[in-house]
Structures are given as structure tokens and as C-alpha cells.
Amino acid sequence: MGAAVLLLGARDIAFGATIIAVRVWPAADYTRVTIESDAPLVERHFLVADPGRLVIDVEGLELSPELRELVGKVKPDDPFIERLRVGQNLPRVVRLVIDLKQPTAPQLFTLAPVAAYQHRLVFDLYPTQQRDPLLALLRDKEAAEQKAAKAVQDSLGEFIGKVEKIEKGQAAQGAPGATPAGPNAGASANAPPAAPTFPSQGTPPGPQPTPPGVAAGPTAPKQTPSPPSAATQATQAKLDRLIVVALDPGHGGEDPGAIGPSGLREKDVVLAIALQLRERINATPGMRAMLTRDADFFVPLQDRVRKARRVQADLFVSIHADAFLTPKARGASVFALSQNGATSSAARWMADRENAADLVGGANIKARDPAVLRTLLDMSTTAQINDSMKVGSEVLGHIGKVGKLHKAQVEQAGFAVLKAPDIPSILVETAFISNPEEEAKLRDPKYQRQLVDALATGIKRYFAKNPPLTRQRTL
Ligand SMILES: [Zn+2]
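The number in our numbering is simply the position in the sequence shown, starting from 1, with 534 added.
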């Protein structure tokens, strides 16, 4: 009897794991569920169809209030999770059932203790059909084109209405008299082929539909007032030659980035800046911004680079606001990739710190191809670094007008996120969040706006001076 009790006690110690926290990070790309515990957890899982659900059995666990909390953490708008249920399936086996909203390819993995985290069991729910960033960009572009085409059509309709009104008036006047010009002749003579008074001349027309009633109109000249074909072609060329800027707000999700003395998180402030910068860039004719993340979720470094390459970005801008060794450190810095070591020990320290993001944010190593980043680095060219230095100088110059600079030159180090061999790439440390004054500035919407202005101006100036080579974008 005594031995049995002792045995149970031993099992308690061997299998007991205490849940520390549970977190859910929903995003359109993927939803992550994290269970943090003080000992590693072992799981088994399987998918069940109709209705689709993921069943996960976690061993060595008793149902706890922390685990029950998970149920309430699922948001109604989660793209993947309909709801989550937990129950004690067997003694020491907790079963989680995730009811799925869409066909899902789950990835389950564990992460060893790092930074402020203990052991983590992670379930990443990816769509079976991955969201295609190129397609998203194309849809954006199509929506913009349709809007432009509709604007042209509307003003064309208005214009034709006016012409018809005038013609009707002329017809009424011209009918009784023997005026030299008949109604048709008058209309033809007054209708210039390219319609220079076209009300929407400045609006970019899309593919031109023939407005109903133009050709069929009784007074329409043989040559209908077609929209200016040169302008149409120019617009089309512009759409084909969109400058695509990949904006990369650092960290996210499980990786808060640096945290300021009063609690401001780097991941939140850099997302706020990137979202504003996206708006600014999208408002610029001929330019379009793509975000590597548009919400609070973690994107592994390699995926950030891959997303930018997928849309054939012309520029990659990673946005950060890190801490430094001393709270006194202040000012913005801009970094480019280095092939031959870092330009300063501070730059190397910063690159090491940023490159550790995957450990904190949690990347599924099994699903990564470790050769990819290595290959990317091998492919890195002097040309990419030269271009990155150019764009870096422009951006640094403009940031220097709105705030202090940490270093007056673009620095270089081996940042993993800057390793796209074919895209000029910079990493901007907007300020040191570890400095109380800079943290306050980063929090200030006015300063955020100034930063966004500086970044946007720097980027535009770079492209004005270095227009991207004309190449057929395969959108
Ligand atoms: Zn950072």
C-alpha cells in the first residue's frame, strides 16, 4: 500500500507540468495557439473531417483554470478557429478540440525556454491553400483599376449627356432654317477626336468600355469621342510598372521586440508606423506597399524575405525601435546588409539581437529550410548592397531632419531579414525604445507622423533618383 502511494508520488513529479499561460494569435496568414508550461509537454494530434476539427491530446496534464481560459481567448473573428474545447480525456491527458472554420494544415511543435518564456507548445493553423501575396496585390491593383475605370465611365456618361443635350438644342434650332451647317456637321466639327475638354482627363482610365449610346447616337460622328489613347497607354504602363515597396514591421505575436521603460512594446509601435507608411505609399501614384505583417502575429525572418520576393518588391524596409545596452542611447539608425562583417560592434550586436527573433517569436524549425537563408546570403550581390546604401542614405537624411541620429552614416551588419539578393533592403531603427525620452516620442502620434513623412520622402527620393529598371511585372 505504502509503495503504491510512493509510486503515485513519483509519477506526479515525473509527469506534472504546470501551465503558466495560454495565448492565441489570430491572423489571416495563420492562427497560433501557445501553451506555456514549466516542463516540456508531449502531444499527439489528429484531424477529423465533417465538421473539420483538430484534436490534440496533451500528456502529463490536469485540466486547470489556465487551460480553461484558452476557451475564452478565441475571438469570434478568428479566421481559423470556430471554437475551442478542453476536457480531461484520460487521467493526466487533456484533450483540446479545435473546431475549424476552414481546411487547415496544422503545424505543432515545441520551443525550448528562451528570453522570458519557459517551455512552449505551439499549434500553428495554416490554411491548406496558402494566401498568395502576389494575388492580394493583384486584387488591390484590380480594385484600383476598376475604381479608376468607373470614374472615367461616370464622367464620360456625364460628358455624353451634355453633348446630347447641346445637340438636341442645335437640332431644334437648326431644323427650320437653312443654316450652312446641319446638325450632324455641327456636332462633328465641334467634337475633337481626343476631346481635350474631357472632364476627367487627369483620372487614370482603365480598359475603356464603349459607353452605351455613343456609337448608336443619331448625331454621333463617325469617329466617336474616344478617350485619349496615349493617356490610356501611359496609365497602363504605369500600372504595369508599379513600384512595390515591402514594409516589414519587426517582431509581432509571441515576440514583443524591445519593451520601453513605461511598457511600450516595439512590435506595436512599429506596426503603427508601418500601417501609416503603407497608406502614404499607396497614395503615391505608381507606388504600392505590401506589409509582411498587418496585425499582431509573428512572421519568421525567412518568411519576411520570401513575402517580399514573392511580390517582386523593388524595396524592402524593415522597421524597428529596439532597446540598447544603455538607456542613454538615442537616435535613429539605418542598416544595410554586410558581406564582410559589421561596420561597428554596435551594428553587430543589433544584428545578432534581431536575428534571434525566430527563437523568441517561435519558428517551426522542422518546416524551415535552413539552406535557404544560407543560399540567399551566398547569392547576395554587391549591387544589392550598393542600392541599399543609396536608399539608406536618403532615408537617414530625412529622418535626421525630424529627430536625432545615432550614427550619421548607414551602418552594415549581417541582418537575416536583409538577405534578399535581388531587393535593396534596409532596416530602420526609428529610435531606442529603451530611452525614456525616445519611448515617449515613439508613443506620440505627431512624432509617428513625422517619422512616416521622413521615411516616405526618403523612399520617394530614392526612386526618383534611381528608377527601377523597366521589367515586365508578371501581375
Ligand atoms: Zn527590433
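Using N, Cα and C, we set each Cβ at its ideal position, and we do this for glycine too. Small disclaimer: the values here were computed from a predicted structure and weren't measured.
| Query | Result |
| --- | --- |
| Residue range of the alpha helix (DSSP H) that includes Y996 | P979 to K999 |
| Closest residue to S968 among T552, P861, T568 and L597 (Cα-Cα distance) | P861 |
| Which of helix, strand or coil DSSP assigns to V803 | helix |
| Environment of T731 [buried if 16+ CB atoms lie within 10 Å] | Bear in mind that a pLDDT of 32 at T731, under 50, signals an unreliable position, so the number given afterwards is only what the model happens to contain. Under this definition T731 is an exposed residue. |
| Through-space distance from R840 to F657, alpha-carbon basis | 22 Å |
| CB of Q982 within 8 Å of CB of I919, strictly | no |
| Nearest candidate by alpha-carbon position, reference N623, set V592, V648, V608 and Q636 | V592 |
| Nearest to P955 (by Cα), restricted to the options L1003, H653, P574 and Q846 | Q846 |
| Contact under 8 Å by Cβ, V567 with V576 | no |
| Runs of beta strand (DSSP E) wholly within the stretch 602-665 (minimum 3 residues, chain order) | 615-624, 627-634, 638-645 and 653-661 |
| Proximity test, E973 beta-carbon vs ligand 1 heavy atom, cut-off 7 Å | no |
| With 16 other Cβ atoms within 10 Å as the buried cut-off, status of E701 | buried |
| Three or more C-beta pairs below 8 Å linking the stretch 882-900 and the stretch 647-664 | yes |
| The stretch 927-938 in contact with the stretch 981-996 per 3-pair CB rule at 8 Å | yes |
| Distance CB(P867)-CB(K975) smaller than 8 Å | Contrary to the premise, residue 867 reads as Ser rather than Pro in this sequence. No. |
| Rounded C-alpha distance that separates A950 from V628 | 38 Å |
| P640 vs H579 beta-carbon contact at 8 Å | yes |
| Simplified DSSP assignment, three categories, for E593 | strand |
| With 16 other Cβ atoms within 10 Å as the buried cut-off, status of R673 | exposed |
| Proximity of I632 and E600 at Cβ, strictly below 8 Å | no |
| DSSP state of A750 mapped onto helix, strand, coil | With a pLDDT of only 35 at A750, under 50, the local geometry of the prediction cannot be trusted, and no value is derived from it. |
| Member of D837, F850 and Q836 whose CA lies at the smallest distance from the CA of A808 | F850 |
| Within 8 Å, strictly: CB atoms of N782 and I853 | Looking at the sequence shown, residue 782 is not Asn but Asp. Yes, they are a contact pair. |
| C-alpha distance - K994 paired with N816, whole-angstrom precision | 12 Å |
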